[in-house]
Amino acid sequence: MFEKILVANRGEIAVRVIRACKELNIKTVAVYSEADANSMHAQMADEAICIGKAPSNESYLKIERIISAAEIADVDAIHPGYGFLSENAHFSDVCESCNIRFIGPNSRAMNALEDKAISRDLAKKAGVPTPPGSDGLVPDEQVALTTAKRIGYPVMIKAIAGGGGRGMRVAHNDISLIKGYHTARAEAEKAFGNSGVYIEKYIESPHHIEFQILGDSRGNIIHLGERDCSVQRRNQKIVEETPSPLIENKFKNLRKTMGRAAVKIAETANYTNAGTVEFIVDEKGNFYFLEVNKRIQVEHPITEEVTGIDLVKQQIMIAMGEPLKLSQSDIVIKGHAIECRINAEDPFGDFRPSPGRIEMYYAPGGRGVRVDSHAYAGYTIPPHYDSMIGKLVTMGKDRREAMNLMSRALGEYMITGIKTTIPFQQAILQDPNFRRGVYSTNFVEQLLTGARRELIEDKA
Ligand code: ADP
Ligand code: ADP
Ligand code: MG
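Quick note: the sequence shown, position 137, residue 916 per this note's numbering, numbers continuous.
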């Protein structure tokens, strides 16, 4: 059994991991940057160690500092959370060579899924459809042009190291392709230190549907159902739910087919620990592999709510070498869960980050409501990191109940002093198409266009 775990992250996910450790009676060590001295995760852990200045590349991304902290505190394992170093194969190697268990996939799986282009090849090998596209990296404009000619416009230029919706551009013709090729490369270099891009057919009005995977070190792999994450702004999720209304209402057999495909990909990669296989699904029910997220995901709580399985505890048990105590037939989905990512952003000002001091804070509660957050009254949100300050999750016996709970809980959530996405999520929960469960990844753009039109009409 692990006695002590270091959490190499911040914010709500650090709090989430510390909570799981406490319930398992495992001591915790938080690391924090100078900007996070008053942060909840540093206060909640048994020990807290400052690892550097505010910018992530001087703290949360500094491998040597994190390893030194782990050695000083004498921990058995490191949980990387999501983002930062969670999918960094070099970091997991360094952990293992220092005799510290990395709570995540083994290095074989890390390498088999190293970037999105390699993962695409692996999916093909596993017999799972991928969007038509380039064979691996696109090294120059010429290859970009011939690829686009072969697969037809529109196409998407995507960073092989991408994440969080960054480093991708849609192109509808040769001119926008050349422009997008260079901007995507520049953005990827800046965000990920890797300018490699590939090209994929742009699937119109798609649905983002992903499957939660768990695999142990003995080769047992299961999936825990899907999550529909089609409500996105700038290719980044803001509302997620499970089960997917598209699968429930239109393509019931997809759950089995896509679940099997997800497990097949994980098996082909010799995957261990928790992961997510992401797909896009078109209007006709064709599905295509997108990527594997080799870590715990932001939206994992909705799966926990409908399966009754604590995914972070599963991650810890798997990292300790325990076999999975669950088989595929043990996974029973009960009820319906929805998550809203509460971001410190101005939803009516182009989702610009809105860091600053939270004056008043009251989190909703009551039956069927879960809040995962590091926020509190008097907390100052630093401008250096992701703008997400919490996740509001509701769980009902069916979709209608989960939506009614969410509307009620969003109305109760009081955060003053900064702008948040809450009013926008309230509008989403009121939208007739969302209520009917009819939406694709274009949904947010359509809702905003509608809101802008109303505003203009009001003024006229
Ligand atoms: P999820 O599906 O888990 O929500 P996201 O892509 O939205 O995945 O990313 C979750 C978090 O991790 C976000 O805070 C995002 O900024 C961060 N993130 C994702 N990928 C990367 C990456 N390659 N490098 C740095 N941060 C990343
Ligand atoms: P990230 O690593 O940033 O999460 P993904 O490859 O998972 O990148 O894509 C993020 C989102 O971008 C998807 O959920 C989807 O909305 C959109 N997207 C990605 N690839 C395509 C595609 N080929 N066609 C249409 N939309 C896409
Ligand atoms: Mg993704």
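Glycine included, each C-beta is placed from N, C-alpha and C at the ideal position. Computed from a predicted structure; not experimentally measured.
How big is the Cα-Cα spacing for residue 994 and residue 1076? 15 Å
Residue 858 versus residue 1006 - alpha carbon distance: 23 Å
Could you tell me which residues DSSP puts in a beta bridge with residue 782? For residue 782, which the question treats as bridged, DSSP gives no partner whatsoever.
Give me the Cβ distance between residue 1085 and residue 1113, rounded to the nearest whole Å; I'm assuming they're in contact under 8 Å. With a Cβ gap of about 6 Å, residue 1085 and residue 1113 count as contacting.
Please go through the same chain and pick out, in chain order, the residues whose beta-carbon is closer than 7 Å to the beta-carbon of residue 1125, but skip the five residues on each side of it. 1131, 1133 and 1198
Roughly how many angstroms lie between the CA atoms of residue 1101 and residue 1089, to the nearest whole one? 15 Å
Suppose you measure from the CA of residue 896 to the CA of residue 987; what does that come to, to the nearest Å? Approximately 19 Å between the Cα atoms of the pair.
When you measure from the CB of residue 937 to every non-hydrogen atom of ligand 2, does any distance come out below 7 Å? Here the distance from the Cβ of residue 937 to the nearest heavy atom of ligand 2 is below 7 Å.
Determine whether the beta carbon atoms of residue 1122 and residue 1168 lie at a separation below 8 Å. yes
As a quick exercise: from 871, 818 and 787, pick the residue whose alpha carbon is nearest that of residue 736. Only positions 780 to 1239 of the chain appear in this structure, which leaves residue 736 out of reach.
Residue 1047 and residue 904 closer than 8 Å at C-beta: yes
State yes or no: is the C-beta of residue 1057 nearer than 7 Å to some heavy atom of ligand 3? yes
Looking only at C-alpha atoms, which of 917, 923 and 1002 sits nearest to residue 1111? 1002
Inter-stretch contact at 8 Å, needing at least 3 Cβ pairs: the region 786–800 / the region 819–830: Yes, they touch.
Closest by C-alpha distance to residue 825, when choosing among 1063, 801 and 1202: 801
CA nearest to the CA of residue 949, picked from 977, 968 and 1120: The shortest C-alpha separation from residue 949 is found at 977.
Using DSSP with H/G/I as helix, E/B as strand and the rest coil, what is residue 801? Residue state, collapsed to three classes: helix.
I need the straight-line Cα distance from residue 955 to residue 799, nearest angstrom please. C-alpha of residue 955 to C-alpha of residue 799: approximately 47 Å in a straight line.
Can the beta-carbon of residue 1060 be found less than 8 Å from the beta-carbon of residue 1068? no
Opposite residue 1170 in the DSSP bridges: which residues? According to DSSP, residue 1170 shares a beta bridge with 1120 and 1151.
Just to confirm, does residue 890 get its C-beta within under 7 Å of one of the non-hydrogen atoms of ligand 4? Ligand 4 is not part of this structure, which contains only ligand 1, ligand 2 and ligand 3.
Given residue 1140 as reference, the closest of 1128, 1189, 1049 and 1097 once Cα atoms are compared: 1189
Quick one, which of 1183, 867 and 1230 has its alpha-carbon nearest residue 1074's? 867
Quick check on the burial criterion: 16 or more other C-beta atoms within 10 angstroms. Buried or exposed for residue 1234? exposed
Between residue 827 and residue 811, how many whole angstroms is the CB-CB distance? I'm expecting something under 8 Å. 6 Å
For ligand 2, I want to know if residue 945 counts as a neighbour, meaning its beta carbon is within less than 7 Å of at least one of the ligand's heavy atoms. yes
Can you give me the Cβ contacts of residue 1023 inside the same chain, cut-off strictly under 6 Å, excluding the 5 residues immediately before and after it? 988, 1005 and 1007
Classify residue 908 as buried or exposed, calling it buried when 16 or more other Cβ atoms lie within 10 Å of its own Cβ. Burial is judged here by how many other beta carbons sit within 10 angstroms of a residue's own beta carbon; residue 908 has fewer than 16 and is exposed.
In whole angstroms, give me the CA-to-CA distance for residue 979 and residue 875. Their backbone Cα atoms lie some 35 Å apart in a straight line.
Under the criterion of a Cβ to heavy atom distance below 7 Å, does residue 909 qualify as lining ligand 2? no
Residue from 1027, 843 and 882 with nearest C-alpha to residue 796: 882
List in chain order: all unbroken beta strand (DSSP E) runs of 3+ residues lying wholly within the region 1166–1214. 1167–1175
State buried or exposed for residue 1154, treating a residue as buried only when at least 16 other CB atoms are found within 10 Å of its CB. buried
Inspect the beta-carbon positions of residue 1070 and residue 898 and report whether they are closer than 8 Å. yes
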